[in-house]
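Report on one structure; see the data block that follows.
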Amino acid sequence: MTKQLASNPFSKRYEIIRHSQLTEAVWQLVLAYDQKAEPGQFVNLYLDEADLLLPRPISVCRQEEGKLTLVYAIRGEGTRRLARREPGQALRVSQPLGKGYETDYLQKGQTALLIGGGLGIPPLLHLAETLAAREIGLTTALGYRDDSFLLEEFQKTGAEVNFIVEPPFSFAERFDPPSSATASSEPGTDFAAVLREMSAEKEAPRGQVTDLLAGRQWEVDACFACGPKAMLQKVTAQLAEMGKPVQVSLEERMGCGYGACVGCVCRVLDPKGRAISRKVCVDGPVFWGSEVIWNA
Amino acid sequence: MLEVQIAGVNWKNPVTVASGTFSAREAARWYDPGRLGALTAKGVAIEAWEGNPTPRIAETWGGMLNAVGLQNPGVDSFIEQELPFLENFETPVIVNLAGHSIEEYVAVASRLNETAVAMLELNISCPNIKEGGIGFGSDPDMAARVTEAVRQATQKPLIVKLTPNVGDIAAIARAVENAGADAISMINTLLGMKIDVHNAKPVLANWTGGLSGPAIKPVAVRMVWQVRQAVSLPIIGMGGIMSGEDAVEFLMAGANAVAVGTAGLLDPAAPVRILKEIEQFMELRHYKSVEEIRQTGRMMGGRTERHG
Numbered sequence: 123m124t125k126q127l128a129s130n131p132f133s134k135r136y137e138i139i140r141h142s143q144l145t146e147a148v149w150q151l152v153l154a155y156d157q158k159a160e161p162g163q164f165v166n167l168y169l170d171e172a173d174l175l176l177p178r179p180i181s182v183c184r185q186e187e188g189k190l191t192l193v194y195a196i197r198g199e200g201t202r203r204l205a206r207r208e209p210g211q212a213l214r215v216s217q218p219l220g221k222g223y224e225t226d227y228l229q230k231g232q233t234a235l236l237i238g239g240g241l242g243i244p245p246l247l248h249l250a251e252t253l254a255a256r257e258i259g260l261t262t263a264l265g266y267r268d269d270s271f272l273l274e275e276f277q278k279t280g281a282e283v284n285f286i287v288e289p290p291f292s293f294a295e296r297f298d299p300p301s302s303a304t305a306s307s308e309p310g311t312d313f314a315a316v317l318r319e320m321s322a323e324k325e326a327p328r329g330q331v332t333d334l335l336a337g338r339q340w341e342v343d344a345c346f347a348c349g350p351k352a353m354l355q356k357v358t359a360q361l362a363e364m365g366k367p368v369q370v371s372l373e374e375r376m377g378c379g380y381g382a383c384v385g386c387v388c389r390v391l392d393p394k395g396r397a398i399s400r401k402v403c404v405d406g407p408v409f410w411g412s413e414v415i416w417n418a
Numbered sequence: 547m548l549e550v551q552i553a554g555v556n557w558k559n560p561v562t563v564a565s566g567t568f569s570a571r572e573a574a575r576w577y578d579p580g581r582l583g584a585l586t587a588k589g590v591a592i593e594a595w596e597g598n599p600t601p602r603i604a605e606t607w608g609g610m611l612n613a614v615g616l617q618n619p620g621v622d623s624f625i626e627q628e629l630p631f632l633e634n635f636e637t638p639v640i641v642n643l644a645g646h647s648i649e650e651y652v653a654v655a656s657r658l659n660e661t662a663v664a665m666l667e668l669n670i671s672c673p674n675i676k677e678g679g680i681g682f683g684s685d686p687d688m689a690a691r692v693t694e695a696v697r698q699a700t701q702k703p704l705i706v707k708l709t710p711n712v713g714d715i716a717a718i719a720r721a722v723e724n725a726g727a728d729a730i731s732m733i734n735t736l737l738g739m740k741i742d743v744h745n746a747k748p749v750l751a752n753w754t755g756g757l758s759g760p761a762i763k764p765v766a767v768r769m770v771w772q773v774r775q776a777v778s779l780p781i782i783g784m785g786g787i788m789s790g791e792d793a794v795e796f797l798m799a800g801a802n803a804v805a806v807g808t809a810g811l812l813d814p815a816a817p818v819r820i821l822k823e824i825e826q827f828m829e830l831r832h833y834k835s836v837e838e839i840r841q842t843g844r845m846m847g848g849r850t851e852r853h854g
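These protein sequence lines are chains G and Z, in that order.
Just so you know, we're using the numbering used here here: the first sequence kicks off at 123 and counts up by one.
Just so you know, we're using the numbering used here here: the second sequence kicks off at 547 and counts up by one.
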């Protein structure tokens, strides 16, 4: 029924290179993908099955030469089926969509704070790697619900990695290195050991990312956040008190992901202070925290 | 071979897009919208409407629910900002009219009567707004009253878009035909609901929404066929068209043209792909015109529908 177009610039089929589980619910998908995505942009994944038609819009977690990494959580039947797709198979993927983070104004030597919560963390890795390549200093404040993921990758960017986890858990046990993680590490760097050392130095941080943020004065030139709306609202308020603007990446249930259906709107203030509707998929997903009307 | 005439307006082919599923600006990034038989704009009201709160979209098996609530910038902003872009393409523009009352429908129709828009589509079938919309479309007398009032406010060919959420759709079709409609488009979405059982609440902020996509196609084909027995007006058929063969089904049921909706949300270029597939079907089955497909449908014989 959903026949493929021979050549359609909007979406094409791309091969799955790797597909692995990061935590109980979180998966990492690596595609052979040749288009350039800016940090904060997303792609639509299409299952192309007759019963589940809508795209899964997923933020870009990482981009390397010819490779695109996406991290997603199993949240329903669609993502459950997605998790069963295997390397060697192809998936229909859109071109990069949406407006990502503005970073042009940052100069070499300046610093940025990256604040992520849960599945809002993966897109910050693409941002971290992009900024690190421009020699911008990085600090993270990451909040996990339970199992953490991608911490090694953030470490590798040279960032000062701060993170916090919601429920109590056994820290040392958590970071016993899974064999695959050790194998993929750079030679000579045992990230699990680094993390064990961190845990020995500090009390295991427990709470929400907003607790982490409230804990100190952040001396940075730019702030970027991604996570649940309630978290972004609080983060925006916290940073405003410190006199720091923040760019936030909003999540909203989407239909088409490219601006036609008007399903994923948010309310923002225009430059004259009037409330207007914006499409999260094309006008965002990234907005300035100060322009978002949070309780619309 | 593909050209059709709908209420006196020449379309170069029988494929348009369903109102509310199409943005010319976005579509133009991937294909020339001028390749379509007509372009149907999203519903526009006399004043700006904010639409419903989010979530507005829910996925369902073989389809989707939407409760956008006819968010639109108002007719003046539409004429200024959107219409000039739509008129860049060598194809007729249809504007879908939204309103809460007969007066509002009349006001927006009058305003558009001064423009170069080719056709108007009266939306008396949106399930996602509290007043107006479906309230007018589910009662033959109300449907006739609003059609008649708008008919008098414009010289443009007037399409009336029908809702499937009625007992006797043929009765509504006859009522709008008698009231002066020039064409019928059908079907709008079927009213539906989805519950997130893990959080024990409806997925849509509006609780209910309109079901579209291939799940509703058999209902739409049946209703087009019923309305074709009841009226002689041109019918623009829609409801879950995903392929050229789906479109041909509507033509055989009695539609004169078709609109692609949900398929375009899954792939912006779906309307032009479906057009190409219709062409391929016609070559394969040796049809020389779209009208010939429709006539074939009439000769299928069998049961004649009289009572809906």
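Think of the CB as a built atom: it goes at the ideal place given N, C-alpha and C, for glycine as much as any other residue.
The model shown is predicted, which means the values in this text are computed figures rather than measured ones.
Please state whether the Cβ-Cβ distance between E572/Z and Y266/G is less than 9 angstroms.
Your numbering for residue 572/Z matches position 26 in the second sequence. Your numbering for residue 266/G matches position 144 in the first sequence. No.
Against chain G, does N634/Z count as a neighbour if the rule is that its beta carbon must be under 9 angstroms from one of theirs?
Mapped onto the second sequence, residue 634/Z falls at position 88. Chain G, which has no Cβ nearer than 9 angstroms to the Cβ of N634/Z, makes this no.
Taking the DSSP output, what are the residues bridged to C388/G?
If you number the first sequence from 1, residue 388/G lands on position 266. According to the DSSP secondary-structure assignment, C388/G is paired through a beta bridge with R400/G.
Could you give the distance in angstroms between the alpha-carbon of L821/Z and the alpha-carbon of G810/Z?
By 1-based counting over the second sequence, the position of residue 821/Z is 275. By 1-based counting over the second sequence, the position of residue 810/Z is 264. Each residue's CA atom was taken as its position, placing L821/Z and G810/Z some 12 angstroms apart.
Local conformation of R581/Z per DSSP, three classes:
In the second sequence, residue 581/Z corresponds to position 35, counting from 1. R581/Z: helix per DSSP, three-state reduction.
Distance CB(V767/Z)-CB(G783/Z) smaller than 9 angstroms:
Here residue 767/Z is taken as the residue at index 221 of the second sequence, counted from 1. Here residue 783/Z is taken as the residue at index 237 of the second sequence, counted from 1. The Cβ atoms of V767/Z and G783/Z lie closer than 9 angstroms to each other.
Exposure of I680/Z, with buried meaning 16 or more beta-carbon neighbours within 10 Å:
Taking the first residue of the second sequence as 1, we reach residue 680/Z at position 134. Buried is the call here.
Y380/G CB to nearest chain Z CB: under 9 angstroms?
Mapped onto the first sequence, residue 380/G falls at position 258. Chain Z, which has a Cβ nearer than 9 angstroms to the Cβ of Y380/G, makes this yes.
Contact list for M376/G against chain Z, beta-carbon separation under 9 angstroms
As a first step, residue 376/G must be located in the first sequence, where it is residue number 254. Neighbours of M376/G on chain Z, chain order: I603.
So which residues of chain G does G738/Z contact, with C-beta pairs closer than 9 angstroms?
For the purposes of this step, residue 738/Z is taken as the residue at position 192 of the second sequence. None at all; the shortest Cβ gap to chain G is about 15 angstroms.
From the DSSP output, in three-state form, read off P299/G for me.
For the purposes of this step, residue 299/G is taken as the residue at position 177 of the first sequence. Caution is warranted here: a pLDDT of 42 is assigned to P299/G, below 50, making its placement in the model unreliable, and no coordinate value can be reported.
Taking only beta-carbon positions, decide if C388/G is within less than 9 angstroms of chain Z.
Sequence index remark: in the first sequence, residue 388/G carries index 266 (1-based). Interface residue, yes.
For G200/G, would you say it is in contact with chain Z, using Cβ-to-Cβ distances shorter than 9 angstroms as the test?
Taking the first sequence and counting its residues from 1, the one referred to as residue 200/G is at position 78. Yes, G200/G counts as interfacial toward chain Z.
Under 8 angstroms Cβ-Cβ, which residues of chain G neighbour N612/Z?
To locate residue 612/Z, count along the second sequence from 1; it is residue 66. Those are G377, C383 and G385, listed as they occur along chain G.
Supposed contact pair A655/Z and V639/Z - C-beta distance, whole angstroms, cut 8 angstroms
Translated into positions along the second sequence, residue 639/Z becomes position 93. Translated into positions along the second sequence, residue 655/Z becomes position 109. A655/Z and V639/Z do not touch by the CB rule: their CB atoms are close to 15 angstroms apart, not below 8 angstroms.
Could one say the Cβ of A644/Z lies closer than 9 angstroms to chain G's Cβ atoms, at least one of them?
One-based indexing of the second sequence puts residue 644/Z at position 98. With 9 angstroms as the cut-off, A644/Z does not count as an interface residue toward chain G.
9 angstroms Cβ cut-off: residues of chain Z touching P179/G:
Taking the first sequence and counting its residues from 1, one reaches residue 179/G at position 57. Scanning chain Z for C-beta atoms nearer than 9 angstroms to the C-beta of P179/G yields nothing, as the closest lies near 11 angstroms away.
Of all the options I733/Z, V652/Z and V706/Z, which has the alpha carbon lying nearest to the alpha carbon of E723/Z?
What you label residue 723/Z is simply residue 177 of the second sequence in a count that begins at 1. If you compare the alpha carbons of I733/Z, V652/Z and V706/Z with that of E723/Z, the shortest gap goes to V706/Z.
Alpha helix (DSSP H) runs wholly inside the segment 786 to 820 of chain Z, at least 4 long, in chain order:
Runs of the alpha helix (DSSP H) inside the segment 786 to 820 of chain Z: 790 to 799 and 808 to 812.
C-beta contact flag for F631/Z and D578/Z at 9 angstroms
Mapped onto the second sequence, residue 631/Z falls at position 85. Mapped onto the second sequence, residue 578/Z falls at position 32. It is not a contact, given that the beta carbons lie outside the stated cut-off.
Does any heavy atom of the ligand GDP sit closer than 8 angstroms to the C-beta of S671/Z?
The ligand GDP is not among the ligands present in this structure, which contains no ligands whatsoever.
C-alpha distance - L334/G paired with I237/G, whole-angstrom precision
One-based indexing of the first sequence puts residue 334/G at position 212. One-based indexing of the first sequence puts residue 237/G at position 115. Inter-residue distance for L334/G and I237/G is about 10 angstroms (C-alpha atoms, whole angstroms).
Segment contact, 8 angstroms Cβ cut-off, at least three pairs: the segment 621 to 629 of chain Z with the segment 400 to 417 of chain G:
The segment 621 to 629 of chain Z, when compared against the segment 400 to 417 of chain G, does not touch it at the 8 angstroms Cβ threshold.
Per the DSSP calculation, P638/Z is bridged to which residue(s)?
In the second sequence, the residue the question calls residue 638/Z occupies position 92. As DSSP reads the structure, P638/Z sits in no beta bridge.
Taking 7 angstroms as the limit between beta carbons, can you name the residues of its chain near R207/G, skipping five residues before and five after?
Along the first sequence, read from residue 1 onward, the residue named residue 207/G stands at position 85. Contacts found: I138, H141 and L213.
How would you list, in chain order, the residues of chain A whose beta-carbon sits under 9 angstroms from the beta-carbon of E667/Z?
The structure shown contains no chain A; its protein chains are G and Z.
Buried or exposed: where does H744/Z fall if 16 or more other Cβ atoms within 10 Å of its Cβ makes it buried?
Residue 744/Z sits at position 198 when you count from the first residue of the second sequence. Result: exposed.
Beta carbon proximity, W753/Z to chain G, threshold 9 angstroms:
Here residue 753/Z corresponds to residue number 207 of the second sequence, with the count starting at 1. Output row for W753/Z: interface = no.
Name, please, each residue of chain G whose Cβ falls closer than 9 angstroms to the Cβ of F624/Z.
Sequence index remark: in the second sequence, residue 624/Z carries index 78 (1-based). None at all; the shortest Cβ gap to chain G is about 14 angstroms.
Interface partners of S565/Z on chain G, CB under 8 angstroms:
Within the second sequence, residue 565/Z is the residue found at index 19, counting from 1. Residues of chain G passing the Cβ test: none, with the nearest at roughly 11 angstroms.
Taking only beta-carbon atoms, is N559/Z less than 9 angstroms away from chain G?
For the purposes of this step, residue 559/Z is taken as the residue at position 13 of the second sequence. Taking Cβ atoms only, chain G never reaches closer than 9 angstroms to N559/Z, which makes this a no.
Between the Cα of P244/G and those of F346/G, L175/G and A172/G, spot the shortest distance and give me the residue it belongs to.
Here the question's residue 244/G lines up with position 122 in the first sequence. When only C-alpha atoms are compared, the closest one is F346/G.
Give a yes or no on whether the minimum CB-CB distance between E596/Z and chain G is below 9 angstroms.
If you number the second sequence from 1, residue 596/Z lands on position 50. Taking a beta-carbon distance threshold of 9 angstroms, E596/Z counts as an interface residue toward chain G.
Going by CA-CA distance only, name the one from L704/Z, E633/Z and I718/Z that's closest to V555/Z.
In the second sequence, residue 555/Z corresponds to position 9, counting from 1. Cα-wise, what sits closest to V555/Z is L704/Z.
Closest Cα partner of D813/Z within the set P560/Z, I675/Z, M769/Z and S569/Z
As a position in the second sequence, residue 813/Z is number 267, starting the count at 1. Measuring from the Cα of D813/Z, the nearest candidate turns out to be S569/Z.
What residues in its chain sit with their C-beta under 6 angstroms from that of L779/Z, if we drop five residues either side in the sequence?
Counting from one through the second sequence, the residue named residue 779/Z turns up at place 233. Cβ neighbours of L779/Z beyond the five flanking positions: E723, A729 and I730.
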